[in-house]
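In UniProt numbering, the protein residues as written are 1 to 930. All C-beta atoms in this analysis are idealised placements derived from N, C-alpha and C, irrespective of residue type, glycine included. Source: prediction; values computed, not measured.
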């Protein structure tokens, strides 16, 4: 027998080991089946009973299968609506496996893999289901792709063992042996340093090579050729090297490996180099043993122990070992953002291009909510000179994951804009790249404002960046000034820091004229820190201006500071007066319905009894921070007592003085109702315009379709009645997005306003969010009958084209205003609808239909060229006469010949003419009736 034949025979024996047991079982099953058939010949009498039992069992199986299908369909619907619920995927896979539907099971696993990394157990189940089904090359390719995806999720020793076992199964194919060895080497590179499980890969590799070596041993009496001897020696050397390599790695039970090596050699002594490598590795293992023991004795996820382990390995500065321990820690703590950040930071230092992208891809796959990981990912790809399309796609992916805060989106936008700016080569043709930067940065500004308002970019970072590039690199100060004017008009005009930034930009790249203008505007606008503006203004005139300009600046600054100090003094005085009055109210005022009743009860106004009662009424819990709330509650209590019937049998109770304990309890109730927790803003919505009769259960029923509700806080008055607004808190931010879509939906016939939860005490005024441009695909309709519904309007306009949205405008109480907006999908349909419906008579109403073109919110009514959004009169002059056309001049002061016609023709000029004919003596005589 030839050497190759012996090797092939030995490998066949290895591959057939697992098949032997299964074959034996099949034989036993066939024998059992044969015996059952023979037995059936003697048991014909029991056939009918067995048939009936089988029929019942079949019916039960059909019912169970039908129930399984129903559950699977329900889960499929839920997954299609929200694919990011992990448990739904797990349950669907479990039911499909129970049902035995291979193709749907495969699709379900693939769908889950798109949205989540799969665990070690899920991958092993999937691979073990797919490997036995291999019949064609395409099946092999699919399985190999599955293995690569599994390696990309987590570094798992059992998955790598499954991979090498799969490779051994392909030994009979061409180049099978090199493929198996390549699989083992890949496995050793990935998990060979795993202290507790790495020996499994090493042992399997040695067993495989030993099996090949056994196949090369010549049969007794066979003629051994030189080629056979060389092949045996080469294979023997491979086994030697595997032993030596394994003994140089600190692994658990490495002493057993040494003993096995000595037994394989047939000697008790090994070469000195191998012994030194073993001693060094064994010493290292003694230090690692403490961490391994902690991991064994602690519960998953063992984060603290892994952190200590990582810090120890970092001191060794062995990249392979450090990566291995990071991978082990992440396998158990895959959702820990800080651990991924720590790992990616280390990988950035190594600058291993091939591995960095893989690590970052796995990081954002496990923790997509971390904007820090996306920002670092963009930076890492930029360092590798990634193509523009790849960078753009990466940024788009980041913006679609759904961050919880505006600052996360802002950080991603800023990083992407930084990349686009660095991409511009100013020394070459850069028109295209510059335009890309401009458009993208402006898109970022619009995106943040449309989704978050002024809070999206509170420091106007993006606009400042764009203005700086325009000023410095493009030498376009006009555009830079336009951008800064937009920033100031967006609500930053009162902030000294923003004006100073604008001034610095103008000072660096502009001219003195505009610098002076900026500082003068800032002087009259800033309210938070005017002193900084005055200092900058005076310093500027010292450096750039003449004496006259300097003196003028000093005068303006001193006058402005004087006015500001006066306002501050007045404000402090007003606050002090309010505080004093409130303290007096706490210490002196009582809340009886009639003061005389209190005086009679406590011995008169001057008696010590009344003074004692005043002390009792003092609110001990009224601190400075709670004074406004206390004052408001007291006023409400006082109004309640005044409204009660004085002749009632309960007059004495209604007129009694509110005790200190009761007042405090009411204040506390009121205070808790409006408490705001900023840490939960991302999972809370603010609900307003509720009917006062709406209670928690109704609100819960309205919002429970959005997600799990953890808390509902309706703000109530001291009586415990709802004030018509409150907060709804969910378990996650996805439910908030669904809740926001319910804005303007009706509860008890009243539109409810749903908005993001924010602290209104620090919120800044936001400009109008709605577009003020001409909207060619949207119509504005007015003059509608109040009885007309949204469905009626849809029926009326859908004949002219496909509708995108119909919105009926209502008052806060839900009653219609008689106006509406109808939005078409295209401009042509909207234009056609205007021509055919404008002036239509509906009942007693003639409606007006026009393209929507809202006026600018800041435009004065006197200067608007179009006060009507409909098809009525388009031009108007000044506001018409007031409703009250009666002259306000007393009749006694009019001339005797003037008639009070009430026509409203009098004016300031006419009044002046009427009164100038009378002097002081005439007035005196008239008043004294002389």
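Of all alpha-carbon atoms in 430, 194, 448, the one lying nearest the alpha-carbon of residue 313 is that of 194. Between residue 325 and residue 309, the C-beta spacing is below 8 Å.
Contact between residue 311 and residue 332 fails: their C-beta atoms lie close to 17 Å from each other, not under 8 Å. Per the coordinates, the alpha-carbon of residue 728 lies some 50 Å from the alpha-carbon of residue 516. Residue 251 carries a coil assignment under DSSP once its states are collapsed to helix, strand and coil.
For residue 364, same chain residues with a beta-carbon under 7 Å away, outside a window of 5 residues either side, are 373, 374, 377 in chain order.
Pairing residue 93 with residue 106 gives a Cβ-Cβ distance that is not under 8 Å. Per the C-alpha coordinates, the member of 131, 574, 534, 541 positioned closest to residue 559 is 534.
Here residue 800 is buried. Its C-beta has 16 or more other C-beta atoms within 10 Å. When only Cα atoms are considered, residue 156 and residue 360 end up about 18 Å apart. If you look at residue 739, you'll find it in the alpha helix (DSSP H) that goes 733-740. For residue 472, same chain residues with a beta-carbon under 8 Å away, outside a window of 5 residues either side, are 508, 509 in chain order.
Annotation for residue 159: the continuous alpha helix (DSSP H) segment containing it runs 157-168. For residue 335, the three-state secondary structure derived from DSSP is coil. In this structure, DSSP gives residue 803 an extended state, which the three-state scheme calls strand. Assigned with DSSP and collapsed to three states, residue 775 falls in strand. With fewer than 16 neighbouring CB atoms inside 10 Å of its own CB, residue 841 falls in the exposed class.
Put simply, the backbone Cα of residue 95 is about 7 Å away from that of residue 68.
In its chain, beyond the 5 residues on either side, 473 have a beta carbon closer than 7 Å to the beta carbon of residue 426. Contact between residue 490 and residue 525 does not hold, since the beta-carbon distance rounds to 13 Å and is not under 8 Å.
For residue 538, the enclosing alpha helix (DSSP H) begins and ends at 530-544.
Residue 418 has its alpha-carbon roughly 28 Å from the corresponding atom of residue 514. The alpha-carbon separation between residue 467 and residue 432 amounts to approximately 18 Å. Between the segment 773-790 and the segment 817-834, the count of Cβ pairs shorter than 8 Å is three or higher; the stretches touch.
Runs of the alpha helix (DSSP H) lying entirely within the segment 385-452 and spanning at least 4 residues, in chain order: 388-400, 406-422, 431-452. Rounded to the nearest angstrom, the gap between the Cα atoms of residue 132 and residue 118 is 21 Å. Per DSSP, the beta bridge partners of residue 714 are 726. Annotated three-state conformation of residue 818 is strand, per DSSP.
Between the C-alpha atoms of residue 582 and residue 410 there is a straight-line separation of about 45 Å. Taking C-alpha positions only, residue 349 is separated from residue 448 by approximately 33 Å. Membership of residue 756 in the beta strand (DSSP E) is indicated by the continuous run 753-756.
Membership of residue 375 in the alpha helix (DSSP H) is indicated by the continuous run 371-383. Residue 823 is bridged by DSSP to 778, 805. Around the beta carbon of residue 457, 16 or more other beta carbons sit within 10 angstroms, so the residue counts as buried. The Cβ atoms of residue 281 and residue 248 lie closer than 8 Å to each other.
Around the Cβ of residue 518, a 10 Å sphere holds 16 or more other Cβ atoms; the residue is buried.
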